[in-house]
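Right, one structure below, let's go through it.
Numbering (my numbering), first residue to last: 1 to 259.
What follows is the structure, encoded as structure tokens:
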């Protein structure tokens with residue numbers, strides 16, 4: 001169990017509002033103290049018999065003192081709770097679908113990729129957006145641009161397109177040992193593999209051109225997720241490209257008649 005501390009600025013009546021971020025939370029005890037100045041070192045329940053009769057310096061509340069419940073609060077059986085019952089708030093433990101799974105057709109290459117983009121001649125640079133498969137880690141490519149006209153393109157470097165990481169990650173969930181406890185590392189992979197990533201093509205390589213050739217040369221980054229771990233399969237992934245031209249807005253203001 002976790003402990004959380006809240007400090008009131010002054011004496012008097014106070015209202016404590018509990019708003020959960022995730023589904024299903026349970027509250028075992030609420031301890032009100034005028035002497036406790038630090039967070040309890042242990043998550044073990046406080047003993048109510050330690051209270052002096054009639055004293056308001058140390059008050060420990062549990063579900064036995066709940067007089068009325070509203071909204072999504074309810075009392076449930078919980079062995080680990082101090083009195084065998086806890087206050088549960090909102091949510092559901094049942095799985096529910098937020099975004100349905102879907103498939104897309106793409107291309108994966110350890111080499112290079114070339115394609116032509118049509119542009120507005122009055123562009124002031126181009127933003128290139130790629131939909132990719134994030135399964136492949138540390139996707140790095142050197143981008144080259146050439147005029148689409150002519151049989152022999154003259155390639156010019158536009159920079160490096162790099163997206164670090166992948167949908168596989170290193171996770172340590174300290175639920176049992178506490179925030180400062182011993183780590184419990186686990187390798188996990190998200191089933192959300194599609195990503196959109198962007199690259200800015202400089203103005204001097206696009207302005208005045210109605211079409212350009214784009215070459216992306218895959219340059220692998222052989223860094224494992226953790227020291228000693230085998231490097232996962234490396235490749236350049238591309239499912240779809242979108243290009244957006246930067247242009248100056250039309251000059252002038254639109255006139256409006258007076259009412």
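Think of the CB as a built atom: it goes at the ideal place given N, C-alpha and C, for glycine as much as any other residue.
Counting C-beta pairs with one atom in each stretch, the region 113-129 and the region 61-71 have fewer than three that are closer than 8 Å, which means they do not touch. With contacts defined by Cβ atoms closer than 8 Å, residue 108 and residue 199 do not form a contacting pair. Here residue 15 carries a coil assignment [DSSP, helix/strand/coil]. Under a 10 Å Cβ-count criterion, residue 139 is classified as buried, with 16 or more other Cβ atoms of the shown protein chains found around its own Cβ. When C-alpha distances from residue 208 are compared across 148, 220, 63, the shortest belongs to 148. Annotation: the region 187-227 contains the following complete segments of the beta strand (DSSP E) (minimum length 3 residues), in chain order: 194-201, 211-218. Contact annotation: the region 183-198 touches the region 158-175, with at least three C-beta pairs closer than 8 Å. Counting C-beta atoms within 10 angstroms of its own C-beta, residue 238 has 16 or more neighbours from the protein chains shown and is therefore classed as buried. Remark: C-beta atoms of residue 72 and residue 98 do not approach each other more closely than 8 Å. Ranked by Cα distance from residue 194, the options 213, 100, 75, 87 are led by 100.
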